[in-house]
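**Student:** Residue numbers for the sequence shown, in the numbering used here: 61 to 319.
By construction, the Cβ of each residue, glycine as well, lies at the ideal position given by its N, Cα and C atoms.
First, the structure itself, so that you have it in front of you.
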Amino acid sequence: MSASPKGPASTSLEGKAALVTGGSRGLGRGMALALAEAGARVAIAARGREALDAASEELERAGREALAIEADVTRVASNGEMVEEAVRRLGRLDILIPAAGTTLRRPSLEMTEEEWDTVVDLNLKAAFFSCQAAARQMARQGKGKMILVGSLANHVGLAERASYTASKGGIGQMTKCLAAEWAPLGINVNAIAPGYYKTEMTAQFYEDQEWVNRIMLRLPMGRTGVPADLAGATVFLASEASDYVTGQILYVDGGFTAV
61 MSASPKGPAS TSLEGKAALV TGGSRGLGRG MALALAEAGA RVAIAARGRE ALDAASEELE
121 RAGREALAIE ADVTRVASNG EMVEEAVRRL GRLDILIPAA GTTLRRPSLE MTEEEWDTVV
181 DLNLKAAFFS CQAAARQMAR QGKGKMILVG SLANHVGLAE RASYTASKGG IGQMTKCLAA
241 EWAPLGINVN AIAPGYYKTE MTAQFYEDQE WVNRIMLRLP MGRTGVPADL AGATVFLASE
301 ASDYVTGQIL YVDGGFTAV
């Protein structure tokens, strides 16, 4: 039996409660701001208090409640504690964006076990346990939206980035797995895959002008991204406009993967 027709779905996030890990800097901060500007109350989680406070002030300037939670998501137990605090202070949890992440550029023949674990533990393992903790709350509510953070590495290989590409490839497959498993619980799980964005984390790469020139040759839109470029995709996937979308990876890359 087909579903009854509905009117146009809204992208408003009024009354919604969101949690963004890695929300004090870079893309996570930009995505948190997009949620706040769309009407959500937002909790941001990170390890550094100073950056958290600065990001919270920026969110509050958007006219929305902003909460700062100190958390180390690489500790599995910390994820449950973080979600509990967000729910206690916001009353519920409608949206999760596990954006905490890192990167490393290192020839694969030189990579150490510690370097591998640092990247994979934060980008992939921590994202899973953040999702698991949030899903327990969302299942009780009967509804929720999760937006994981993928990468161009979901589509292409990136030389000298073995740990990073492995972790982001894992994010792509994990998105599909969790979407299939949690759809009966009312939870939509999708991913945004940014292209080349200049942030605090990636600024070191942009010091290599030869590398920048190669990237620009393959960017149809003629520029690299800024965090605000993720706003539209973030709000869409967090809102009821995407209620029938799950298990998808949305590339926001200036056309890089189109050529």
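(1) Would you call Gln-197 buried or exposed, if buried means 16 or more other Cβ atoms sit within 10 Å of its Cβ?
(2) DSSP on Tyr-224, reduced to helix/strand/coil?
(3) Let me confirm a value: Cys-191 is counted as buried when at least 16 other C-beta atoms fall within 10 Å, else exposed. Which label applies?
(4) Drop a sphere of 10 angstroms on the beta-carbon of Pro-244, count the other beta-carbons inside from all chains shown, and report buried for 16 or more, exposed for fewer.
(5) For Asn-273, count the other beta carbons within 10 Å of its own beta carbon; 16 or more makes it buried, fewer makes it exposed. Which is it?
(6) Any contact of the stretch 90-108 with the stretch 128-137, i.e. 3+ C-beta pairs under 8 Å?
(7) Among Arg-85, Gly-123 and Pro-280, which one has its Cα closest to the Cα of Met-113?
(8) If we ignore side chains and look at the alpha-carbon of each, how far apart do Gly-229 and Ser-223 end up?
(9) Using only the alpha-carbon positions, how far apart do Phe-188 and Glu-267 sit?
(10) Please classify Ser-70 as buried or exposed, where buried requires at least 16 neighbouring CB atoms within 10 angstroms.
(11) Does Glu-220 have its Cβ less than 8 Å from a Cβ in chain B?
(12) Is the beta carbon of Pro-167 closer than 8 Å to that of Glu-125?
(13) Kindly indicate the opening and closing residues of the alpha helix (DSSP H) around Gly-161.
(14) DSSP three-state label for Pro-254, please.
**Tutor:** According to the structure shown:
(1) With at least 16 other beta carbons inside 10 angstroms of its own, Gln-197 counts as buried.
(2) Looking at Tyr-224 - three-state DSSP - the assignment turns out to be helix.
(3) Counting of Cβ neighbours within 10 angstroms places Cys-191 among the buried residues, the total reaching 16 or more.
(4) Exposed, by the Cβ-count rule.
(5) Exposed: under 16 other Cβ atoms inside 10 Å.
(6) A contact between stretches requires three or more CB pairs, one per stretch, nearer than 8 Å, and the stretch 90-108 meets this requirement with the stretch 128-137.
(7) The identity of residue 113 in the sequence shown is Asp, whereas the question assumes Met. That would be Arg-85, whose Cα lies nearest to the Cα of Asp-113.
(8) One C-alpha to the other measures close to 10 Å.
(9) Taking the CA atoms as reference points, Phe-188 sits about 32 Å from Glu-267.
(10) Ser-70 is exposed by the Cβ-count criterion.
(11) Annotation note: the requested chain B is absent from the structure, which comprises a single protein chain.
(12) Going by C-beta atoms, Glu-125 is not nearer than 8 Å to Pro-167.
(13) Secondary structure note for Gly-161: it is in no alpha helix (DSSP H), with a DSSP letter that is neither H nor E.
(14) Strand.
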